[in-house]
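K.L.:
Pasting a structure here, questions to come.
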Amino acid sequence: MPDTKSKMKMRKAVVRFSGDSGDGMQLTGEIFSQSSGSAGNDLTTIPDFPAEIRAPQGSIGGVSSFQIQIGGTEIYTPGDEVDVLVALNPAALSANLKFLKPGGTVIADRDNFKKKFLKKANYDENPLEDGSLEDYQVLAAPASSLTKEALKNLGLDMQSVTRSKNMFALGIVYHLFNRPMEPTIDFFEKKFKGKPKVIQANMRALKAGYYFAETTDVLPASIVIPPADLPKGTYRNINGNTAIAWGALAAAEKSGKKLSLSSYPITPASEILHEIAARKDQGAIVLQAEDEIAAVCAAIGASYAGNLSITSTSGPGISLKTEAMGLAVIAELPLVIINVQRSGPSTGLPTKTEQGDLAQALYGRHGEAPLIVMAASSPDDCFFYGYQACRVAMEHMTPVVLLSDSYLASGKSPWRIPSLDELPDIQLPEYEGEAEDWAPYLRDPEFLNRYWKIPGEKGYEHRIGGLEKEDISGHLTYDPENHEKMVHLRQEKIDRVAKKLPSQEITGAQSGNLLVVGWGSSYGAINSAVIELLEEGHENVGFTNFNYLSPLPENTAEIFEKFDRILVCELNTGQFANYLRTKLPMFTYEQFNKNQAQPFFTSEIKSEIIKILEA
Amino acid sequence: MKTEKRKKNGKPLSVKDFKSDRNVKWCPGCGDYMILSMMQKTFTQLDHAKEDIVCISGIGCSSRLPYYLNTYGIHSIHGRAPAVSTGLKLANPDLSVWVVSGDGDSMAIGGNHFIHACRRNLDINIIIFNNKIYGMTKGQSSPTTPIGMKTKTAPYGSYEPPFNIGELAISAGATFFARVPDKSPQLLGEVMMEAYRHKGTSVIEVLQNCVIFTDGIHEKLTDRETKDENQLVLTQGEPMVFGKQNEFGIQIDGMKLKKVRLEDKDSANTLIHDATEEETQQHIALAKLQLPDFPVAMGIIRNTESTSFEEELHNIIEQSQKKSSYKNLQELFHSGNTWEVQ
Ligand code: SF4
Chain A
0 MPDTKSKMKM RKAVVRFSGD SGDGMQLTGE IFSQSSGSAG NDLTTIPDFP AEIRAPQGSI
60 GGVSSFQIQI GGTEIYTPGD EVDVLVALNP AALSANLKFL KPGGTVIADR DNFKKKFLKK
120 ANYDENPLED GSLEDYQVLA APASSLTKEA LKNLGLDMQS VTRSKNMFAL GIVYHLFNRP
180 MEPTIDFFEK KFKGKPKVIQ ANMRALKAGY YFAETTDVLP ASIVIPPADL PKGTYRNING
240 NTAIAWGALA AAEKSGKKLS LSSYPITPAS EILHEIAARK DQGAIVLQAE DEIAAVCAAI
300 GASYAGNLSI TSTSGPGISL KTEAMGLAVI AELPLVIINV QRSGPSTGLP TKTEQGDLAQ
360 ALYGRHGEAP LIVMAASSPD DCFFYGYQAC RVAMEHMTPV VLLSDSYLAS GKSPWRIPSL
420 DELPDIQLPE YEGEAEDWAP YLRDPEFLNR YWKIPGEKGY EHRIGGLEKE DISGHLTYDP
480 ENHEKMVHLR QEKIDRVAKK LPSQEITGAQ SGNLLVVGWG SSYGAINSAV IELLEEGHEN
540 VGFTNFNYLS PLPENTAEIF EKFDRILVCE LNTGQFANYL RTKLPMFTYE QFNKNQAQPF
600 FTSEIKSEII KILEA
Chain B
0 MKTEKRKKNG KPLSVKDFKS DRNVKWCPGC GDYMILSMMQ KTFTQLDHAK EDIVCISGIG
60 CSSRLPYYLN TYGIHSIHGR APAVSTGLKL ANPDLSVWVV SGDGDSMAIG GNHFIHACRR
120 NLDINIIIFN NKIYGMTKGQ SSPTTPIGMK TKTAPYGSYE PPFNIGELAI SAGATFFARV
180 PDKSPQLLGE VMMEAYRHKG TSVIEVLQNC VIFTDGIHEK LTDRETKDEN QLVLTQGEPM
240 VFGKQNEFGI QIDGMKLKKV RLEDKDSANT LIHDATEEET QQHIALAKLQ LPDFPVAMGI
300 IRNTESTSFE EELHNIIEQS QKKSSYKNLQ ELFHSGNTWE VQ
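These protein sequence lines map, in sequence, to chains A and B.
Numbering that gives the first Met the number 0 puts the last residue of the first sequence at 614; the count rises by one with no breaks.
Numbering that gives the first Met the number 0 puts the last residue of the second sequence at 341; the count rises by one with no breaks.
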């Protein structure tokens, strides 16, 4: 059948799949992401799970969603406003309609908009029929009944048949985006190997949805997203937690060290523990500790033993670990502490995101206890910063705090799989003298790191610990002058790491009116906002996002100087802005902050920038 | 090969090899000195080379010990030595790991790590210096302070029920528990050697005298005049007898232990000590015996066979590596759905 339908070219589009938690929306979204990746699109995804483990069926509390932005240009966020909303029941529509753009498309399962479910979603009238959706394009498909029809004679139980309607909906979306079905059918065959009925069911439902959309022709145009201009290579989608875990594995391999992970379960960081626990098959030594304190202490023990040692947690866990982090600072041991931030204080909003732990990472220990702080900025670059945190810890004999957050942890973006050869080398500081001349706090003259001598090495027996030590000899001392010296030495050691860090770069204008500053995961939203503004003719705006927070890159002041005004955007009340005020007090920092336990929207950053430019 | 390794320039190691160049700074007369010297002595006899021994402590008077031992060591933070050791021993199971701790360090702030070390059965040796008081912070009650004893924090006498370290350790799963007074160096040496040989968590409670805050607290047990009657020194496979002439024995009465004056006719009913018994009941009962109705049990109360935690973990690692679907990291990274961008 010739395709007579008109085609609409879009640079990017946002699709949101939503339904009851039992409707398989996450898998549906995942499959669409894979198909988008294979089509050459850039993308970013974010799941939105119900907070309760088992909310009542059909209730608003039980709605599970998955949002994806795809594009032919580079995509940095899962998108603010939705172009296509799939809503498999009234609760899903009710919970998600607010995200849909005026004129956007709703794909609904008409069969589920019955009295019982309408009531659960607080609808008095059926929104598919009462005209309340007239600003949108609505495709009310009888998804459940057509799926049932397509799957009859397969001999599947009723529940499995009903569940397959997600693939029917996906079929409609495939038609809308002109997607080939074959790779997805191959995927079914792999995923459900040995279960021919399940493969058949998914395939038939997908096709039924696709052909339904094609034949009914209810949607006026199909959408074409051209492939993005991404660097050559093999890609996969990855979330932030897995990416950090893999970064650590890569660092272990590259440095020739064994990897030890000691962690305690905590949302949203547990997945790092799960992934590395499964990676015992790559030799990882994993301890699920009895508590957060044990986790970091065991990590210190593993580091002293000579392993690449990490502990992963979230803010509340860091609070418990701080005393031991101080031990790692004074003992000058390599240790990576991963904080997948969540909204606080206390238990806060444990599944939601925030950049609220920066001050804790920078200052949250008793005494003068400087360490390295870095932050990842997208799900896929969690791999690089996971790797980099391990590298810096070992090369400089210091604890490193790596900040991720809930948004990066569960979001996904395409990751170009690197070969180990292209990752930067890890050069462990080597002591080249004789054992007799060695001392525990003997330092590298350039970077001031001590040397990692480990149990089993003859002639290097030594004790370390939490008491202040004399420099070089490592003997206990209460000498006032020595303490003064050590306090500055420990800071200086951290500061000198800046010499090895890449220069801070600016997107957009290299000098001019306004420099927008972000750090960590606010990168995506700010970057999208600034790019859009540049395209719209605001040539005076630049953007710089910090991944290295302590120490700051050496050229930070240099780039700040080039702009009249500096606007710091972050998901807290101004922790980075305040830090910059103490580090670089010669500049004035304006702030844009959000404290809703939600990531920034591109649109809100954009309007804030416009407000400043026009003021 | 191992014995070769532990020799220095072809000569066996001596106590001197284990002395660090630091001055020992405990109060003169403190029971800690004896424990340190027995550790140094024991270390000369281990199969492990000096560089393969690590001593880890927390905070307190006892926890200064690693600085006085010329091995690898960490003076960590309060209560956390078992946790630090867990990471270290898992990272390198070939090391011989010794934890030194006090009653405050291990039973109060570090209680959680202590019970989990016992539960997991990591092959480490935990020596607890039990002086029933906080010494370094100058005289506060600890979780082993007896009821009625006056301390800085219980000026009218302690009213908190104390922990019995042996009962806690065995209940938590410890496969080795021994108790020794600091005045019995020979017994301590033997117990340390056995703890070293035992695969799994070994807990040694040393009844240690703090000359400053609890001087004489263990006197009834260690005094020449009373010690034979007040100590039940256990020996594997031997009857549980005590007293100057071994005139007393421990027998069983229903579910309980009883102390009897032995007449020829009932000595056959005296219990024979079996530290290797899996069942914990009798070992706990022995650990709980206390004055004045009973003597206090000394020596190795429990010593059962077991697989250590690190051995279990490393077996799993080895097995999973053999069975893995990914030969290397590249295969892992490329698993699942990938696509090419040209
Ligand atoms: S205070 Fe007591 S335990 Fe501490 S060193 Fe002095 S005598 Fe020993």
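We treat Cβ as the ideally placed atom computed from N, Cα and C, and that holds for glycine.
Counting only the same chain and skipping the five closest in sequence on each side, list residues whose C-beta sits under 6 angstroms from that of Glu557 (chain A).
P.N.:
For the purposes of this step, residue 557 (chain A) is identified with residue 558 of the first sequence, where counting begins at 1. Answer for Glu557 (chain A): no residue qualifies.
K.L.:
DSSP beta-bridge partners for Val105 (chain A)?
P.N.:
As a first step, residue 105 (chain A) must be located in the first sequence, where it is residue number 106. In DSSP, Val105 (chain A) forms a bridge with A:Leu84 and A:Val137.
K.L.:
What residues in its chain sit with their C-beta under 6 angstroms from that of Gln574 (chain A), if we drop five residues either side in the sequence?
P.N.:
For the purposes of this step, residue 574 (chain A) is identified with residue 575 of the first sequence, where counting begins at 1. Excluding sequence neighbours, Gln574 (chain A) sits near Leu357 and Ala358.
K.L.:
Compare the C-beta of Glu50 (chain B) against all C-beta atoms of chain A and say whether one is closer than 9 angstroms.
P.N.:
Counted from its first residue, the second sequence places residue 50 (chain B) at position 51. Yes - at least one Cβ of chain A is within 9 angstroms of the one on Glu50 (chain B).
K.L.:
Going by beta carbon distance, what residues of the same chain come within less than 8 angstroms of Pro27 (chain B), once the five residues before and after it are set aside?
P.N.:
By one-based count along the second sequence, residue 27 (chain B) stands at place 28. Answer for Pro27 (chain B): Val210, listed in chain order.
K.L.:
Sort A:Pro454, A:Tyr303 and A:Leu548 by Cα distance to Asp494 (chain A) and report the nearest one.
P.N.:
For the purposes of this step, residue 494 (chain A) is taken as the residue at position 495 of the first sequence. Comparing Cα positions, the closest option is A:Leu548.
K.L.:
Could you check if Asp134 (chain A) is buried or exposed, using at least 16 other CB atoms within 10 Å of its CB as the buried criterion?
P.N.:
As a working note, residue 134 (chain A) is residue 135 in the first sequence. Burial check for Asp134 (chain A): the Cβ neighbour count within 10 Å stays below 16, so the residue is exposed.
K.L.:
Excluding the five sequence neighbours on either side, which residues of its own chain have a C-beta within less than 8 angstroms of the C-beta of Lys149 (chain B), listed in chain order?
P.N.:
One-based indexing of the second sequence puts residue 149 (chain B) at position 150. These residues qualify, in order along the chain: Tyr155, Gly156 and Ser157.
K.L.:
Identify which residue in A:Pro584, A:His395 and A:Asn165 has its Cα closest to the Cα of Lys499 (chain A).
P.N.:
Counted from its first residue, the first sequence places residue 499 (chain A) at position 500. Measuring from the Cα of Lys499 (chain A), the nearest candidate turns out to be A:His395.
K.L.:
Select from A:Gly28, A:Pro413 and A:Ser5 the residue whose C-alpha is nearest the C-alpha of Val14 (chain A).
P.N.:
Residue mapping note: residue 14 (chain A) aligns to position 15 of the first sequence, counting from 1. Nearest C-alpha to Val14 (chain A): A:Gly28.
K.L.:
Report the three-state DSSP secondary structure of Gly156 (chain B) (helix, strand or coil).
P.N.:
For the purposes of this step, residue 156 (chain B) is identified with residue 157 of the second sequence, where counting begins at 1. If DSSP states are grouped into helix, strand and coil, Gly156 (chain B) belongs with coil.
K.L.:
Under 7 angstroms between beta-carbons, which chain A residues line up against Phe332 (chain B)? List them in chain order, please.
P.N.:
One-based indexing of the second sequence puts residue 332 (chain B) at position 333. Within chain A, the residues near Phe332 (chain B) are Trp245 and Ile416.
K.L.:
Would you please verify whether the beta carbon of Gly236 (chain B) is less than 9 angstroms from any beta carbon of chain A?
P.N.:
Locating residue 236 (chain B) in the second sequence gives position 237, counting from the first residue. It does not; no Cβ of chain A falls within 9 angstroms.
K.L.:
Taking the continuous beta strand (DSSP E) assigned at Lys8 (chain A), which residues delimit it?
P.N.:
One-based indexing of the first sequence puts residue 8 (chain A) at position 9. From DSSP, the beta strand (DSSP E) with Lys8 (chain A) extends over Ser5 to Lys8.
K.L.:
Provide the residue span of the beta strand (DSSP E) that contains Glu607 (chain A), from first to last.
P.N.:
As a working note, residue 607 (chain A) is residue 608 in the first sequence. No beta strand (DSSP E) holds Glu607 (chain A); the alpha helix (DSSP H) holding it covers Thr601 to Glu613.
K.L.:
Measuring only between beta-carbons, confirm whether Gly86 (chain B) sits less than 9 angstroms from chain A.
P.N.:
Against the second sequence, residue 86 (chain B) aligns to sequence position 87. Contact with chain A is found for Gly86 (chain B), since one of that chain's Cβ atoms lies less than 9 angstroms from the residue's Cβ.
K.L.:
Quick check: what's the CA-CA separation for Phe212 (chain B) versus Asn130 (chain B)?
P.N.:
Here residue 212 (chain B) corresponds to residue number 213 of the second sequence, with the count starting at 1. Here residue 130 (chain B) corresponds to residue number 131 of the second sequence, with the count starting at 1. Rounded to whole angstroms, the separation of the alpha carbons of Asn130 (chain B) and Phe212 (chain B) is 9 angstroms.
K.L.:
Tell me the residue span of the alpha helix (DSSP H) that contains Pro142 (chain B).
P.N.:
The residue labelled residue 142 (chain B) in the question sits at position 143 within the second sequence. First-last for Pro142 (chain B): undefined, no H or E at that position.
K.L.:
Please name the residue or residues paired with Leu414 (chain A) in a DSSP beta bridge.
P.N.:
Along the first sequence, one-based indexing puts residue 414 (chain A) at 415. It should be noted that the sequence gives Trp, not Leu, for residue 414 (chain A). Looking at the DSSP assignment, Trp414 (chain A) forms a beta bridge with A:Arg235.
K.L.:
What are the partner residues of Asn594 (chain A), as DSSP defines its beta bridges?
P.N.:
Here residue 594 (chain A) refers to the residue found at position 595 of the first sequence. DSSP output for Asn594 (chain A) lists no bridge partner at all.
K.L.:
Which residues end up in the neighbourhood of ligand 1 when you take C-beta atoms closer than 5 angstroms to any of its heavy atoms?
P.N.:
B:Trp25, B:Cys26, B:Cys29, B:Cys60, B:Gly134, B:Cys209, B:Val210 and B:Ile211
K.L.:
Alpha carbons only, please: which of B:Thr200, B:Ile249, B:Ser100 and B:Met37 is nearest the one belonging to Arg301 (chain B)?
P.N.:
In the second sequence, the residue the question calls residue 301 (chain B) occupies position 302. Minimum Cα distance to Arg301 (chain B) is reached at B:Thr200.
K.L.:
What is the DSSP secondary structure of Phe128 (chain B), counted as helix, strand or coil?
P.N.:
The residue labelled residue 128 (chain B) in the question sits at position 129 within the second sequence. Phe128 (chain B) falls in the strand class under three-state DSSP.
K.L.:
Cα separation between Lys97 (chain A) and His77 (chain B)?
P.N.:
Stepping through the first sequence from its first residue, residue 97 (chain A) is reached at position 98. Stepping through the second sequence from its first residue, residue 77 (chain B) is reached at position 78. The alpha-carbon atoms of Lys97 (chain A) and His77 (chain B) are separated by roughly 53 angstroms.
K.L.:
Can you give me the C-alpha to C-alpha distance between Glu270 (chain A) and Thr241 (chain A), rounded to a whole angstrom?
P.N.:
As a position in the first sequence, residue 270 (chain A) is number 271, starting the count at 1. As a position in the first sequence, residue 241 (chain A) is number 242, starting the count at 1. Near 7 angstroms, if we compare the C-alpha coordinates of Thr241 (chain A) and Glu270 (chain A).
K.L.:
Residues in the same chain with beta-carbon distance under 7 angstroms from Val391 (chain A), minus the five sequence neighbours each way, listed in chain order, please.
P.N.:
Translated into the one-based positions of the first sequence, residue 391 (chain A) becomes position 392. Same-chain partners within the cutoff: Ile371, Val399 and Val496.
K.L.:
Taking all protein chains shown into account, decide if Ala304 (chain A) is buried (16 or more other Cβ within 10 angstroms of its Cβ) or exposed.
P.N.:
Within the first sequence, residue 304 (chain A) is the residue found at index 305, counting from 1. So Ala304 (chain A) counts as buried.
K.L.:
Does the CB of Asp290 (chain A) have a neighbour CB from chain B at under 9 angstroms?
P.N.:
Looking up residue 290 (chain A) in the first sequence gives position 291. Residue-level contact check: Asp290 (chain A) touches chain B, since one or more beta carbons of chain B fall below 9 angstroms from its beta carbon.
K.L.:
Under 9 angstroms, do Ala545 (chain A) and Val515 (chain A) count as touching if we go by C-beta distance?
P.N.:
Counting from 1 along the first sequence, the entry for residue 545 (chain A) is found at position 546. Counting from 1 along the first sequence, the entry for residue 515 (chain A) is found at position 516. Note on identity: in this sequence residue 545 (chain A) is Phe, with Ala being the wrong assignment. No, these two residues do not count as a Cβ contact at 9 angstroms.
K.L.:
Nearest to Glu460 (chain A) by CA position, among B:Tyr71, B:Thr234, B:Gly30 and B:Ile108, is which residue?
P.N.:
The residue you call residue 460 (chain A) lines up with position 461 of the first sequence. Closest by alpha carbon: B:Tyr71.
K.L.:
Quick check on DSSP: helix, strand or coil for Ser221 (chain A)?
P.N.:
Translated into the one-based positions of the first sequence, residue 221 (chain A) becomes position 222. It is a strand residue.
K.L.:
Smallest Cα separation from Ala171 (chain B): which of B:Met106, B:Glu228 and B:Glu218?
P.N.:
Stepping through the second sequence from its first residue, residue 171 (chain B) is reached at position 172. Ranking B:Met106, B:Glu228 and B:Glu218 by Cα distance to Ala171 (chain B) puts B:Met106 first.
K.L.:
Among the candidates B:Asn69, B:Val240 and B:Glu246, whose CA atom is the shortest distance from the CA of Leu12 (chain B)?
P.N.:
Taking the second sequence and counting its residues from 1, one reaches residue 12 (chain B) at position 13. If you compare the alpha carbons of B:Asn69, B:Val240 and B:Glu246 with that of Leu12 (chain B), the shortest gap goes to B:Asn69.
K.L.:
To the nearest whole angstrom, what separates the beta carbons of Val202 (chain B) and Ile125 (chain B), a pair I think is in contact under 8 angstroms?
P.N.:
Here residue 202 (chain B) corresponds to residue number 203 of the second sequence, with the count starting at 1. Here residue 125 (chain B) corresponds to residue number 126 of the second sequence, with the count starting at 1. Between Ile125 (chain B) and Val202 (chain B) the Cβ distance is about 5 angstroms, and since that is below 8 angstroms, they are a contact.
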